[in-house]
Amino acid sequence: MKKIFQLLSYLFLMQISVFAQEKIQHIEPLNWWVGMKNPALQLLVHGKNIASFTPKINYKGVSITKVNKVGNPNYLFIDLLIAPETQAGEVKIIFENSRKETFTYNYSLLKRQNKSAERVGFNSSDVLYMITPDRFANGNPQNDNVANFKDSLNRKDLTGRHGGDIEGIIKHLDYIQNLGMTALWINPLVENNQQKTSYHGYAITNFSKIDARFGTNEDYVRLSKEAKKHGIKLVMDMVLNHCGSEHWWMKDFPSKDWVNFQDSPKTIYSTHRRESLHDPYAAEYDITSHSDGWFDSTMPDLNQRNPFMANYLIQNSIWWVEYADLGGIRMDTWPYPDKNFMSVWSKRMEQEYPKFNIVGEEWSLNPSIVSAWQKGKVNKNGYVSYLRSLMDFPTNAALIEALNTDEKVWNQGFTKLYQTIANDFVYANPNDLMIFPDNHDMSRFFTQLHEDYGKFKNGMAFLLTTRGIPQIYYGTEILMTNPKSDAHGEIRSDMPGGWAGDSKNVFTETNMTPAEIEAKKFVSTLLKWRKNAPVIHSGKLKHFAPENGFYVQFRYNDKQKIMVILNKNQEAKTLEMSKFKEILKPNFSARDIISNQTFEVNGSLTIAPNNPLVLEIFEK
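Count the sequence shown with mature numbering (1 follows the signal peptide of the UniProt record, and there is no 0) and you get residues -20 to -1, 1 to 600, in order.
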């Protein structure tokens, strides 16, 4: 009799579970944690006619404060309050309707990792290695093609899936660590179940799930743990502005204002007039046309003014930080979502994680536009941001122009770079800016420099010693190029050796050219030195206006002084030290960081053609 009763109980519970699965198609966040700074949690519950059910909870420390119904009866938004003393466990949410139909959903409340709120994000002591995961390494060919995913493997197609995945990154963490990298920024890994060009990851179809062709959520957590063992912080690439046109909610909107221009018969594109957000004379029409327009026909623009959408996006970001133990966020298209929401979002993130860091993409070459988004900037329009780091596109553009233009022409050459750095007074904290030679959206650094190795060395010497947080795109260290076009698919080409059968292999240095090996050694030498050079992380900066093909910067503190000499001269040339007497004695000893050679300097220094120097100074 007892066995029969147990069997009947089991069958009853199974029936309830199946009923719950039939009724609830989505519930997000997928789980939560006790002990968060903000005790409020809003659950998005999606299922057929779910609004006809009333949820109840009987769990110590957890209470329902409000049940929100929206225009679509297939949604409920349940507001919970989680008291500080609440214990981790399974919270049973009982759903019941007027017909006495009842089912239970078990919602997990987890215990946070020790000192999770005190996690330290990436900062100026780090260098980020940026990866487009589909193009880095194929570690698990079994997930190259997955059932019900429309965009299948085609390595010959520049816009197709090539098979790189999380496992491929994990297998090459040694390479990334040995280069000297301390953080890892990966283009979005969340699900992009789009018809085509899904490899880049920015048209998200599920904000809480890793794309199966990259791996699983558990694989992503494993990547985070393995990266941490290698001394590498994991930085997640997120998108708040838009989703993919194949996102599940696009077929069943919660409300009429979930997506901007939701009922428009044609796609209304963003004007991309980001300046309007700061323009004291801007028309509301221009602001709205920029912020509410779609980024692309396959990227619907999310309406962050909808409070349920806003809560969803904030909680999803926090969920990933906790779930995957993140060391930072890179936020795509920072000025495109509603700007007031971005202020709230960045403040909420800082409240939960005071020492965390987020870098925003503001692709403007005007330092005044970029600086307006940085935390601490006092804007005349009263706008307050809590974003610490921004991608420094002005310095990136100036560096390329400085290296490619003639030093003998007035206001050209290194002067372009000097003038841009001189604009740092507009930033609240220029040392928090992210500096970079290239990224996934622009031609490769070596291509932009017309494959001139001397220019490459000067550029990398500057980026790895000046103020800010450096980021290097995968393959830049081996002079990867895009010689045929500036198409994104070619820029984001496969890392040599990432696939079985590759004739060239960067990870083993098989069939690499001497120039590629030398470039990797040059970059790695600087990276490894930089890792243990506090004077570069937080020291003061002083630079001298370029002259005679030289641009000189000093990084210094009370204990150390570094002299960085950028040099575009095509023949050996002498640099007189008297110019630098306010910071440097004319006679000193110096150690060349690149060659590790020590030598004496007596009043002047003769420098080899087209060769930068990074010198540790020992004054007599």
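We put the beta carbon where it would ideally sit given N, CA and C, even for glycine. Everything numeric in this text was worked out from a predicted model, so none of it was measured.
Taking Gly101 as the reference, give the member of Asp482, Pro334, Leu24, Thr247 with the closest Cα.
Pro334
Can you pull the DSSP bridge partners for Thr456?
Bridge partners of Thr456: none, in fact.
Figure out for me which residue from Ala352, Asn77, Leu169 has the closest Cα to the Cα of Trp343.
Ala352
Quick one, are the C-beta atoms of Leu293 and Val239 less than 8 Å apart?
no
Which residues does DSSP pair with Ile166 in a beta bridge?
Its beta-bridge partners are Ile111, Met216.
My understanding is that Lys553 touches Asn590, with C-beta atoms under 8 Å, so please give their C-beta distance in whole angstroms.
With 8 Å as the limit, Lys553 and Asn590 do not qualify as a contact, their Cβ atoms being about 10 Å apart.
Got a sec? Which residues, its chain only, sit under 8 Å from Glu470 by beta carbon, not counting five neighbours each side?
Leu138, Asn462, Lys464
Quick one: what's got a C-beta closer than 6 Å to Asp466's C-beta in the same chain, skipping five residues either side?
Ser423
Let me know the beta strand (DSSP E) ranges lying completely inside the region 238 to 266, each 3 residues or longer, listed in chain order.
With a minimum length of 3 residues, no continuous beta strand (DSSP E) run stays inside the region 238 to 266.
What do you reckon, are the CB atoms on Tyr87 and Phe75 nearer than 8 Å?
Tyr87 is not a Cβ neighbour of Phe75, given a cutoff of 8 Å.
Taking the continuous alpha helix (DSSP H) assigned at Lys508, which residues delimit it?
494 to 511
Within 10 angstroms of its Cβ, does Glu98 collect 16 or more other Cβ (buried), or is it exposed?
exposed
Any contact of the region 30 to 44 with the region 262 to 278, i.e. 3+ C-beta pairs under 8 Å?
no
On the DSSP letters alone, give me the boundaries of the alpha helix (DSSP H) that Asp199 sits inside.
197 to 209
According to DSSP, simplified to helix, strand and coil, what is Trp12?
strand
By how many angstroms is the C-alpha of Ser235 removed from the C-alpha of Asn11?
24 Å
Count the C-beta pairs between the region 113 to 122 and the region 522 to 541 that are closer than 8 Å, then say yes if the count reaches three, no if not.
no
Does Ile184 pass the burial test, meaning 16 or more other C-beta atoms within 10 Å, or should it be called exposed?
buried
Would a C-beta distance cut-off of 8 Å place Glu330 and Tyr366 closer than the cut-off?
yes
Apart from the five residues on each side of it in sequence, which residues of its chain come closer than 7 Å, Cβ to Cβ, to Ala588?
Same-chain partners within the cutoff: Ala552.
Decide if Phe(-16) is buried, meaning its Cβ has at least 16 other Cβ atoms within 10 Å, or exposed.
A caution first: Phe(-16) carries a pLDDT of 49, below 50, which makes its placement in the model too unreliable to give a value.
For Ala163, which residues from the same chain have a beta carbon less than 8 Å from its beta carbon, with the 5 sequence-adjacent residues on both sides left out?
Phe102, Asp106, Val107, Leu108, Tyr109, Ile212, Lys213, Leu214, Val215, Gly307, Gly308.
Would you call the region 424 to 436 in contact with the region 394 to 411, where contact means no fewer than 3 C-beta pairs closer than 8 Å?
no
Below 8 Å on the Cβ atoms is my guess for Val503 versus Asn537; work out the distance and round it to an integer in Å.
Actually they are not in contact, since the Cβ atoms of Val503 and Asn537 sit about 24 Å apart, beyond 8 Å.
Compare the C-alpha of Pro542 against each of Leu506, Asp232, Glu556, Ala525 and name the closest.
Checking the displayed sequence, the identity of residue 542 turns out to be Ile instead of Pro. When each option's Cα is compared against that of Ile542, the closest is Leu506.
Pairing CB atoms from the region 65 to 74 with CB atoms from the region 366 to 385, are three or more of them under 8 Å?
no
What number of angstroms, rounded off, separates the C-alpha of Asn54 from the C-alpha of Gly27?
5 Å
Among residues of its own chain, excluding the 5 on either side of Trp325, which ones have a beta-carbon nearer than 6 Å to its beta-carbon?
Ile294
Could you give the distance in angstroms between the alpha-carbon of Gly160 and the alpha-carbon of Ile298?
29 Å
Would you list the one or two residues that DSSP bridges to Asn86?
Lys72
Kindly give me the distance between the Cβ atoms of Arg141 and Ser178, rounded to whole angstroms, as I take these residues to be in contact under 8 Å.
7 Å
Throw me the rounded Cβ distance for the Pro494 and Lys484 pair, which I believe falls under 8 Å.
With 8 Å as the limit, Pro494 and Lys484 do not qualify as a contact, their Cβ atoms being about 13 Å apart.
Cα separation between residue 601 and Ala570?
Residue 601 lies beyond the range of the chain shown here (-20 to 600); nothing can be said about it.
Select from Phe336, Gly439, Gly356, His430 the residue whose C-alpha is nearest the C-alpha of Leu379.
Gly439
Regarding Gln284 and the ligand GTP, is the C-beta to nearest heavy atom distance less than 7 Å?
Inclusion of the ligand GTP in the displayed structure is not the case, the ligand content being empty and no account of it being possible.
Quick one: grab the DSSP three-state call for Met161.
coil
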